[in-house]
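All remarks here apply to the structure that follows.
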Amino acid sequence: MDLEERKKRILILEDNPGIQNLYREILGRHSYETAVFDDINSAIDSLKKEKFDLIILDLQLPGQDGLNFFEQLKTLNIDAPPVVVCTGLASVENAVEAMKKGASDFITKPFTMDTLLSSVERNIRIDEISKKITEIEMIRSILELNKIIISITEIEELCTSIIDLVYNIVRPDVALLYIKDNDTGRFFLRRTKGTASEFNPSINLSFDHNSNNDIFNRISENLFEVKLFGKKDIVGILRFYSREKIYDDRDLHFLSVFGTLIGIALENASLIQQLQESYISAIRSLVNSLEAKDVYTKNHSEQVAYYAVAIGKALGMDSASLESLRNAAYLHDIGKLGIKDEIILKKSFLTEEEREIIKKHPLITREILKPLRIKKEEMEACLYHHERYNGDGYPEGLAGEKIPLMARILAVADSLSAMISERPYRKKMEIKDAIKELRTNAGKQFDEKIVNVLIDVIENLKEAE
Ligand SMILES: [Fe+2]
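Basically my numbering = 1-based index in the sequence shown + 773.
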C-alpha cells in the first residue's frame, strides 16, 4: 500500500465514554483509525507494539496525572508521534506545562469538530514534513561524511576524524573508539572524546562476535555500542555513554549506515598501511642491497638519517615529521637503482655526460616512490635533495625557502655523510674539515641556518662523548 494512502492512526487517551465516542465518530468519518484507551499504562503498552501518527491526550484522567504520560513516553525509545493535549478551560496552565514537556499542540474542551480536525491534520503534516527533512538531511550528511572518511587513508588520522565526527553528531557524554588488534583478536581503546576518566583507557575488550552479530548492543541503560563491520569481520567498536540522552530510531538508523562506512574505511586504511609497510621494507632492503654493492656508500642512508633526524630534533620538529624525515633519508637515493652500475660504481671522476645521467636519480626516485603514496613532504624531500640554496641545483633549480625544509635538511646531512666517508677518488675527510666545507658553502649550496644547526648538533655530540 502506498504510504500516502495508508490510514493515519491516532491513539486517544480519554476516560469519558461520551467524548471517546465523539472522537471515534469525527475522526472515523475523516478516514482516521482510532485506538482509544482510558489509562496511561495500556496506552503505553500499545505504543510499544504499534505505530501511531498522533496521540490525543486528556490531561484530566481520573486518579492519574496526564503529565506523567510524557515521562513514560520518553522511556519508550521510539520515534514518538506528536501529542495534542486536550484539557478543560479551567486547566489551561496544565496545557502550558504539557507543551513544556513536549506536547505539540493543545485544544480545550468543549471543542468543535473543526478545531479538532484542524489540529489533528496540522500536527500530522508537520511531523511528516519534519521527518522527511531529517531523512534528507541524514542522507546528505552520511554522503558528506563518507566523502571525508574515504579520503583519509592514514589510520591514526582516520581514528581522530571518526571520533570527532560521531561525537559531534551523536552528542553523547563520552564516545569511545576501539580498534581490533589482528594479532590478538582483541579490541583496544584508541580514541576517546568527552570526559572519559571513568572509562579505563587501557581496557582490553574481548569480544565474541560469533554470539551476537547485531550492529547495536545496549550494554546498560546509558551505554550502547555500534559494531564497525569490515567486509567480513568486525574491525572496531564505537561505544557511547550518555547520562540523559535517549537515542531514537533515527539516531540508530544513522549509526547503522555510518558505522558500516566507518568499518570499511578502517579496514581499507589498515590494508593500505600493511601494503605500505611491506612496500617500504622491500624498498629499504633494496637500498641496503644497493649500498652493499659499493663499499664506499655502505650505510650511507643510515648515516644521512642519523644527521637529518638530529637536525630535525634541534629544529623542534614533532615526532611525525621526524619519522617522515627518517623515511626520506632512507629513500632519497633509491633512484640510483635506475642508473647503470658502471656509472654508479665508477672509481674515477665522472664525465660531463655521466654526471647528467646521475642527475636524473631524484626523478627516478620519484617514479619508484609514486605507488607508495608516501607523504608529500617525504616525496619532496627525496625529489629536491640536490637543489641548492642559490638555485644552482637540480632537478628544478629551486632556490632559498622554495626548497622544502626537509629537502634542505637532507642536502646538508647527505653532503656531510658523503664528505666523512671514504670515496674511490679521495680519502674521507676529518669532521672538522667537513664542517669547514659546509660553512664555506652556507648560503650558496646550503641553507645557512641548517648548517649552523648541524654544527651545533656535532659540537653537542662531541661534548657528550
Ligand atoms: Fe642523491
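Every residue gets a Cβ at the ideal spot worked out from N, C-alpha and C, and that includes glycine. Remember, predicted model here, so these are calculated numbers, not experimental data.
Helix, strand or coil at residue i according to DSSP, with G and I counted as helix
i     : result
A1038 : helix
F1239 : Residue 1239 is absent from the model: the chain starts at 774 and stops at 1238.
E1160 : coil
N919  : helix
E1016 : This sequence places Arg at residue 1016; Glu is not what is there. The answer is coil: DSSP assigns R1016 none of H, G, I, E or B.
I942  : helix
T881  : strand
K873  : helix
Y805  : strand
N1225 : helix
T860  : strand
L776  : Per-residue confidence for L776 stands at a pLDDT of 44, beneath the threshold of 50, marking its modelled position as unreliable; no derived number is given.
Q837  : strand
A853  : coil
K1235 : helix
Y951  : strand
G967  : strand
F997  : strand
I817  : helix
Alpha-carbon to alpha-carbon, residue j and residue i
i     : j     : result
Y1079 : V1185 : 12 Å
E1221 : L1211 : 9 Å
E787  : G967  : 44 Å
I928  : Q1046 : 7 Å
I1176 : I1116 : 28 Å
I1010 : E910  : 25 Å
R1057 : M1179 : 19 Å
R1161 : E1203 : 23 Å
E870  : Q793  : 24 Å
P790  : V809  : 10 Å
D1024 : L962  : 23 Å
I785  : E917  : 41 Å
S914  : D887  : 40 Å
R779  : L827  : 14 Å
Y796  : R944  : 40 Å
D937  : A1087 : 33 Å
I851  : K821  : 8 Å
T965  : L949  : 4 Å
K1205 : N1233 : 14 Å
Q1038 : E1125 : Per the sequence shown, the amino acid found at residue 1038 is Ala instead of Gln. So the alpha carbons of these two residues sit roughly 51 Å apart.
P854  : I906  : 16 Å
Y940  : I829  : 36 Å
I1084 : I935  : 34 Å
L1001 : V1008 : 6 Å
Reference residue i, options the options, closest by Cα
i     : options                       : result
G1173 : L1183, R1139, I902 and F1219  : F1219
S819  : L800, H803, Q845 and A1207    : Q845
L1123 : R1196, D1206, E901 and F825   : R1196
S1188 : T860, L1063, L1048 and V1077  : V1077
E866  : I1117, S1121, G1216 and F879  : F879
V1060 : H1073, L1048 and Q1049        : H1073
E716  : K847, T888, L1136 and G875    : The structure shown has nothing for residue 716, since the chain only spans 774 to 1238.
N919  : E1064, I829 and F1031         : F1031
I923  : S1051, E1150 and I1035        : I1035
P883  : T860, S1094, I902 and S891    : T860
L996  : N955, N1041, V1224 and V947   : V947
V858  : V893, F1013, T885 and G836    : V893
L1104 : K1066, K1120, K1143 and E1127 : K1143
G801  : E1125, G1085 and I783         : I783
I1112 : Y1157, I925 and K1132         : K1132
G1166 : E1129, N1225 and K1200        : E1129
S1051 : G1108, N1225, F1002 and L1145 : L1145
S1054 : A1093, L1095, N1100 and I1084 : N1100
D1114 : G1089, A1065 and Q833         : A1065
S1121 : K873, R1199 and S1092         : R1199
is_contact[residue i, chain B] using C-beta, thresh 9 Å
i     : result
P1144 : Looking at the structure shown, chain B is missing, and only one protein chain is on hand.
**Prompt:** Where the beta carbon is closer than 7 Å to any heavy atom of ligand 1, which residues qualify, in chain order?
**Reply:** A Cβ closer than 7 Å to some heavy atom of ligand 1 marks a residue here, and those residues are H1105, D1106, H1134, P1135, H1158, H1159 and D1187.
**Prompt:** What runs of the beta strand (DSSP E), each 3 residues or longer, lie entirely inside the stretch 1132-1195?
**Reply:** Within the stretch 1132-1195, no complete beta strand (DSSP E) run reaches 3 residues.
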